[in-house]
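Asker: Residue numbering for the sequence shown follows the working numbering, starting at 521 and increasing by one per position.
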Amino acid sequence: MPAKQPLISIISVNYNEPEETLAFLGSVYQSDYPSFETILVDNGSKRKIDRSLEQQYPNLTCIIHEENLGFAGGNNLGIKAAKGKYLVFLNNDTLIPTDFLTKMVAFMVDHPEAGIASPKVIYPNGMVQYAGAKKIHPLTGRGKRIGLMETDRGQFNCTHPTDLPHGAAMIIPKKIIEQVGHMPEEYFLYYEEHDWCMKIQHAGYKMFYFGDTHVVHKESISVGVNSPLQVYYMNRNRLLFQRRNTKGLPRVCGILFYGIFAFPKQLIQYVSKGMFHHAENLVRGTLWHLNKNYDYKG
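1. From P693, Q750 and I584, pick the residue whose C-alpha is nearest to that of E633; which is it?
2. Would you kindly report the start and end of the unbroken beta strand (DSSP E) that includes S572?
3. Can you give me the Cβ contacts of E574 inside the same chain, cut-off strictly under 6 angstroms, excluding the 5 residues immediately before and after it?
4. What does a CB cutoff of less than 7 angstroms around T622 pick up in its chain, not counting 5 residues either side in sequence?
5. Looking only at DSSP bridge pairs, what is P681 linked to?
6. Have a look at G635, G805 and D613 and flag the residue whose alpha-carbon is nearest the alpha-carbon of Q750.
7. Got a sec, what are the start and stop residues for the alpha helix (DSSP H) E557 sits in?
8. Below 6 angstroms CB to CB, which residues in the same chain sit around I616 once its five sequence neighbours on both sides are set aside?
9. Leaving out five residues before and five after T682 in sequence, what residues of the same chain have Cβ atoms less than 7 angstroms from its Cβ?
10. Quick one: what does DSSP say A626 is sitting in, helix, strand or coil?
11. Once you ignore the five residues that flank G667 on each side, which residues in its own chain have a CB closer than 6 angstroms to its CB?
12. Taking the straight line between their C-alpha atoms, what separation do you get for G774 and I780?
13. If you measure between the beta carbons of G646 and R758, is that distance less than 8 angstroms?
So, in structure tokens, the structure goes:
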């Protein structure tokens, strides 16, 4: 790495999780990297972050937005304010080791062909959440995370190209964002980083899994694991991604697979378990593609 280390911009979005955000900031400001700014976006929260944090943490900017713009929209507000050569996107329910930023930036400096790099992501119990991922299959509309739910014993410490980043932790050169544009906001929640990744790959850059460092990710605290909200956007955006990124026969086959197999299977599971709110939002997320008035129903 050059003697004068480049400025990086850390971007994180808060939605009704001020306690998690404080823990996140405590982790970030223990970093040994000497040149960074932090941009914290409050995304229409009822439990907002306090602007007084700007006096407690150096080079912290708080952006308070009254409307929830979704994952991409919140991060895009941060992108517009960012001054760094590299932008590091971190969920506010993550914790990073002291040398995380130093290692991530060094990797990007040494690999100009890298469009995005994501580190190993682990759960608080030490199980692996992400160690790279295989591309989204045009038939199923799903990718496959490598190492998911394996105990982390260092077996995924090797760095290698990957098909998909992890939206909870990724670094990207600002010049690439200026080239390909901001995150697509049509998704609101889920799949947006994968769509963005496709654009970056089409521009000639590579995706990397960087196994020499990690983040701890508590995952989906603000959304809830397998919550009705997650069911709505996962299914809505699964189809949206296929519509935006496949053509011809693969697109037709993907939609038929969803309609004939994936949708009925999920619907039967939710109804049989009495999870009617989940079932309703599964249906609404699917019907959104016919009528945009079918929003998530809380």
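Every residue, glycine too, gets a C-beta built ideally from N, C-alpha and C.
Answerer: So, to answer that:
1. Among P693, Q750 and I584, the Cα nearest to that of E633 is on P693.
2. Here S572 belongs to no beta strand (DSSP E), and DSSP marks it neither H nor E.
3. L580 and C582
4. Taken in chain order, the residues that qualify are D552 and Y553.
5. F728
6. Comparing Cα-Cα distances from Q750 to each of G635, G805 and D613, the minimum goes to G805.
7. First-last for E557: F556 to N563, but that is the beta strand (DSSP E), not the alpha helix (DSSP H).
8. S547 and V735
9. G652, A653, M727, F728 and Y729
10. helix
11. V648, A651 and F676
12. Rounded to the nearest angstrom, the two C-alpha atoms are 10 angstroms apart.
13. no
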